[in-house]
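What follows is a short report on a single structure.
2 protein chains.
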Amino acid sequence: MITECPVTRPEGERVLLGHGAGGRLTAELLEGTVLPAFGGRAGPLEDAALLPGSGDLVMTTDGFVVSPLFFPGGDIGSLAVHGTVNDLAMRGAEPLALSVALIVEEGLELGLLEAVLRSLGEAARGVGVPVITGDTKVVGRGAADRLFITTTGIGRRLPGLSPSAAGARPGDAVLLSGPIGLHGTAVLSTREGLGFEADIASDTRPLHRLVAALAPLGDRLRVLRDPTRGGLAAALNEVARDSGVVIDVDERAVPVPPPVAAACDLLGLDPLHVANEGCMTVFVAPDAADAALAALRSLPEGTGAVRVGDVLPADGHPGRVVLRTAVGARRVIDMPLGEQLPRIC
Amino acid sequence: MITECPVTRPEGERVLLGHGAGGRLTAELLEGTVLPAFGGRAGPLEDAALLPGSGDLVMTTDGFVVSPLFFPGGDIGSLAVHGTVNDLAMRGAEPLALSVALIVEEGLELGLLEAVLRSLGEAARGVGVPVITGDTKVVGRGAADRLFITTTGIGRRLPGLSPSAAGARPGDAVLLSGPIGLHGTAVLSTREGLGFEADIASDTRPLHRLVAALAPLGDRLRVLRDPTRGGLAAALNEVARDSGVVIDVDERAVPVPPPVAAACDLLGLDPLHVANEGCMTVFVAPDAADAALAALRSLPEGTGAVRVGDVLPADGHPGRVVLRTAVGARRVIDMPLGEQLPRIC
Numbered sequence: 001m002i003t004e005c006p007v008t009r010p011e012g013e014r015v016l017l018g019h020g021a022g023g024r025l026t027a028e029l030l031e032g033t034v035l036p037a038f039g040g041r042a043g044p045l046e047d048a049a050l051l052p053g054s055g056d057l058v059m060t061t062d063g064f065v066v067s068p069l070f071f072p073g074g075d076i077g078s079l080a081v082h083g084t085v086n087d088l089a090m091r092g093a094e095p096l097a098l099s100v101a102l103i104v105e106e107g108l109e110l111g112l113l114e115a116v117l118r119s120l121g122e123a124a125r126g127v128g129v130p131v132i133t134g135d136t137k138v139v140g141r142g143a144a145d146r147l148f149i150t151t152t153g154i155g156r157r158l159p160g161l162s163p164s165a166a167g168a169r170p171g172d173a174v175l176l177s178g179p180i181g182l183h184g185t186a187v188l189s190t191r192e193g194l195g196f197e198a199d200i201a202s203d204t205r206p207l208h209r210l211v212a213a214l215a216p217l218g219d220r221l222r223v224l225r226d227p228t229r230g231g232l233a234a235a236l237n238e239v240a241r242d243s244g245v246v247i248d249v250d251e252r253a254v255p256v257p258p259p260v261a262a263a264c265d266l267l268g269l270d271p272l273h274v275a276n277e278g279c280m281t282v283f284v285a286p287d288a289a290d291a292a293l294a295a296l297r298s299l300p301e302g303t304g305a306v307r308v309g310d311v312l313p314a315d316g317h318p319g320r321v322v323l324r325t326a327v328g329a330r331r332v333i334d335m336p337l338g339e340q341l342p343r344i345c
Numbered sequence: 001m002i003t004e005c006p007v008t009r010p011e012g013e014r015v016l017l018g019h020g021a022g023g024r025l026t027a028e029l030l031e032g033t034v035l036p037a038f039g040g041r042a043g044p045l046e047d048a049a050l051l052p053g054s055g056d057l058v059m060t061t062d063g064f065v066v067s068p069l070f071f072p073g074g075d076i077g078s079l080a081v082h083g084t085v086n087d088l089a090m091r092g093a094e095p096l097a098l099s100v101a102l103i104v105e106e107g108l109e110l111g112l113l114e115a116v117l118r119s120l121g122e123a124a125r126g127v128g129v130p131v132i133t134g135d136t137k138v139v140g141r142g143a144a145d146r147l148f149i150t151t152t153g154i155g156r157r158l159p160g161l162s163p164s165a166a167g168a169r170p171g172d173a174v175l176l177s178g179p180i181g182l183h184g185t186a187v188l189s190t191r192e193g194l195g196f197e198a199d200i201a202s203d204t205r206p207l208h209r210l211v212a213a214l215a216p217l218g219d220r221l222r223v224l225r226d227p228t229r230g231g232l233a234a235a236l237n238e239v240a241r242d243s244g245v246v247i248d249v250d251e252r253a254v255p256v257p258p259p260v261a262a263a264c265d266l267l268g269l270d271p272l273h274v275a276n277e278g279c280m281t282v283f284v285a286p287d288a289a290d291a292a293l294a295a296l297r298s299l300p301e302g303t304g305a306v307r308v309g310d311v312l313p314a315d316g317h318p319g320r321v322v323l324r325t326a327v328g329a330r331r332v333i334d335m336p337l338g339e340q341l342p343r344i345c
């Protein structure tokens, strides 16, 4: 009878906060530990996976551990719905159903739990997706920090769409559906009492309607990616890596709201590394750029859509993201290493 | 901008450990807080839900918070697979795909995480179900107890099967696929250092093959239920409630291994309330009882299958479970109130 844990790693190696930050450490954990255990192959890591033998159905799962539970613009309940709906949308899928699993710390105010669940329910109804099943576990005081929510979503791909992180091609236009940096700075400002809460609200929102508006582009829509953990820098690096291309971004074109810039300045953060929960990068064929921008701007959640860059051939440097700065210099934007903003989603 | 949590409940009310125990408090939380927030209707609460618009696909989700992570007979990784596969199986479904979401405490040994994931991967391969997507979140030291896993499963119902907690009818035979009490007492004994670890191992195992063996029964297979949290008492009470019947159980027929009985004696637990992770109750039409027992006993995981009782008409007491004791007395088996065994799964 095995009761001892069969450990093979040197004892000193431990999980760091950065392993959950969506950057290089996360990729290492995934490639070095998680995928080998599951017999997974290396390949593009998508936001949602095709369900085997089920045609156009996709599945995604996400744990939400954001602290505090309520922040300007949202809360863990609405975030859990939007994050999962968006992961489906990034595969070109409309949401069909959600499941919700709660891990609750003993002693959490029931009224608070109720408020979170009400917000979650409202967000789901707003998207038009039913919560069809769930689970609740309670752990003792001190064994969890108040409330964690894991949401899993099933969606159906829109006909003709098959965006993939591996789909970018030289010449493609790189669009952004709205300003960056709002979610991460809103949460951090609230948590640390920095006083930006009056000026900054999370951008948490569902993106599936924007994706539906892009559906007429068909296979000229190459990549959809929402820059959550690790921010725009991580999202673009993943696409550059999985597509084997260079992505060239014009710094002046990237919309950073002034309060976000001020908060990042104070905190020593790069806005490109800050998590977002309501915008996405869209890669389209060159001749589809104008139509895509018009489609995005036709909806309230896409009024701020802009073109921020272009896809270039690899030229010996596949996987590279380059920023053209305001003064004309060019600098490489690396994958963020680890954790700048723990428990941001 | 809402940053305050809009709480409606009196401040004193808090989540108790018992709210996660699978008994009456869990039902109260579900019916009073969770379902209203999601706009859910009262009705049979099944282990897995039908995916809307997707024919015969079902979905289930489960959080695993067991402590310790390794216990006699299993670990949190294999348990996470078996528990989810079994929830699908209880709806008559074979597993198609799993997702795995990890919440990890900063500082967890990487080798331990690897061992858990390896076990999870092996369990999934054993069942023949792929892990197709996942998520990893890391929270700071003290914000979680080492490792929580939330597994979501998608399955396809076997043709002709539609077992439901509401499907029991007077006259049906009540079967049990194997002995009860092993999982809960194994975990608790390890955790509390009671010294039963040498005699008791968790029964954690997948039940989908047993269900496939029962498939030829078609609609004569009425109910499948695995008695996890809350034990056999909770499972039978749920079926009695959702089917509006009385369930009559013969105490002498319920298999309780002697070490389980001894451990329960020491701990002051009722074996009927102790969680299981590898047996199930099966309700079948009277003329199918022998065929069902033969089918169960044809597989290693069902060699201990027995008939433990019968379904009786409600007679003014729908929802009641009655135990005929060894000395011929009859006592009502209530739904367990709350938590006897926190973090057992």
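Protein chains in written order, with the UniProt record's numbering: chain A, 1 to 345; chain B, 1 to 345. Beta carbons: idealized from backbone N, C-alpha and C, even for Gly. Model, not experiment: these values are computed from the prediction.
| Item | Value |
| --- | --- |
| Name the chain A residues that come within less than 8 Å of residue 51 of chain B, Cβ to Cβ? | 96, 97, 132 and 154 |
| Mind checking if residue 148 of chain A is an interface residue toward chain B, Cβ cutoff 7 Å exclusive? | yes |
| On the three-state DSSP scale, how would you describe residue 325 of chain A? | coil |
| To the nearest angstrom, report how far apart residue 130 of chain A and residue 258 of chain B are at their CA atoms. | 46 Å |
| By DSSP's criteria, residue 332 of chain B is part of a beta bridge. Which residues make up the other side? | B/322 |
| Going by other Cβ atoms of all chains shown within 10 Å of its Cβ, with 16 needed for buried, is residue 31 of chain B buried or exposed? | exposed |
| Taking Cβ positions, are residue 295 of chain B and residue 207 of chain B nearer each other than 7 Å? | no |
| Do the region 138-147 of chain B and the region 105-116 of chain B make contact, defined as three or more Cβ pairs closer than 8 Å? | yes |
| Report the partner residues of residue 196 of chain A according to the DSSP bridge assignment. | In the DSSP output, where bridge partners are listed per residue, residue 196 of chain A has none listed. |
| Please name the residue in A/191, A/145 and A/101 whose C-alpha comes closest to that of residue 267 of chain A. | A/191 |
| Report, in whole angstroms, the separation of the C-beta atoms of residue 326 of chain A and residue 252 of chain A, which I expect to be a contact under 8 Å. | 5 Å |
| Hey, out of B/315, B/234, B/290 and B/239, whose CA is closest to residue 24 of chain B's CA? | B/234 |
| With DSSP collapsed to three states, give me the class of residue 94 of chain A. | strand |
| Determine, using beta carbons only, whether residue 91 of chain A comes closer than 7 Å to chain B. | no |
| In angstroms with no decimal places, state the Cα-to-Cα distance between residue 162 of chain B and residue 51 of chain B. | 14 Å |
| Measuring CA to CA, which of A/16, A/79, A/211 and A/220 is closest to residue 148 of chain A? | A/79 |
| What separation, rounded to the nearest whole angstrom, lies between the Cα atoms of residue 189 of chain A and residue 77 of chain A? | 19 Å |
| Taking just the CA atoms, how far does residue 238 of chain B sit from residue 73 of chain B? | 28 Å |
| Using a Cβ-Cβ distance under 7 Å, would residue 181 of chain B count as near chain A? | no |
| Go to residue 76 of chain B, then tell me how far its alpha helix (DSSP H) extends in each direction, as first and last residue. | 76-89 |
| Alpha carbon to alpha carbon, how far is residue 287 of chain B from residue 115 of chain B? Give it in angstroms, no decimals. | 47 Å |
| Does the separation of the CB atoms of residue 254 of chain B and residue 308 of chain B fall below 7 Å? | yes |
| Starting from residue 155 of chain A, trace the beta strand (DSSP E) in both directions and tell me its first and last residue. | 147-157 |
| Taking only the alpha-carbon atoms, compute the straight-line gap between residue 98 of chain A and residue 124 of chain A and give it to the nearest angstrom. | 8 Å |
| Checking 7 Å against the spacing of the C-beta atoms, do residue 118 of chain B and residue 48 of chain B come in under that value? | no |
| Decide yes or no for the touch test of the region 193-200 of chain A against the region 327-336 of chain A: beta carbon pairs closer than 8 Å, at least 3 of them. | no |
| Can you tell me whether residue 293 of chain B sits near the ligand COA, meaning its C-beta is under 6 Å from at least one heavy atom of the ligand? | Because no ligand of any kind appears in the structure shown, any question about the ligand COA cannot be addressed here. |
| Taking Cβ positions only, does residue 101 of chain B come closer than 7 Å to chain A? | yes |
| Measuring straight from C-alpha to C-alpha, what distance separates residue 22 of chain B and residue 223 of chain B? | 18 Å |
| Spatial neighbours of residue 2 of chain A within its chain, please: CB distance less than 6 Å, with the 5 preceding and 5 following residues excluded, ordered by chain position. | Reliability fails at residue 2 of chain A, whose pLDDT of 40 lies under 50, so the model's placement of it is uncertain and no value is given. |
| Would you kindly work out how many angstroms separate the C-alpha atoms of residue 64 of chain A and residue 151 of chain A, rounded to a whole number? | 8 Å |
| Give me the Cβ distance between residue 204 of chain A and residue 278 of chain A, rounded to the nearest whole Å; I'm assuming they're in contact under 8 Å. | 5 Å |
| Using a Cβ-Cβ cut-off of 7 Å, state whether residue 42 of chain A counts as contacting chain B. | At residue 42 of chain A the pLDDT is 46, less than 50, meaning the model places this residue with poor confidence and gives no usable figure here. |
| Could you tell me which of A/144, A/101 and A/216 sits nearest to residue 285 of chain A, measuring between CA atoms? | A/216 |
| Does the beta carbon of residue 256 of chain A come closer than 7 Å to any beta carbon on chain B? | no |
| Ordered along the chain, which non-local residues of its own chain (more than five positions away) have a Cβ less than 7 Å from that of residue 293 of chain B? | 175, 305 and 307 |
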